[in-house]
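Trainee: My questions all concern the structure below.
Numbering (my numbering), first residue to last: 27 to 99.
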């Protein structure tokens, strides 16, 4: 009970057996090797930057009476 499968101008037969033939097993392994993700070595991971706003202690952040101080005093 073999039927013919045509894909991309390539004809091959597929058996209905539970155990694949040597040709089918080779095709399955080739497809698995081509599509399986490869392990890769990653470089050091940089720590994520803290994007939270922090108080900057700018002069305009002080209360109004304190900002009125003159530089000559």
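Backbone N, C-alpha and C define an ideal beta-carbon position, used for all residues, glycine too.
Quick check: residue 54 and residue 46, are their CB atoms within less than 9 Å of each other?
Mentor: yes
Trainee: Could you check the C-alpha separation between residue 70 and residue 59 for me, to the nearest Å?
Mentor: 28 Å
Trainee: Quick check: what's the CA-CA separation for residue 76 versus residue 66?
Mentor: Distance between residue 76 and residue 66, taken at the CA atoms: about 28 Å.
Trainee: What did DSSP end up calling residue 92 once you bin it into helix, strand or coil?
Mentor: helix
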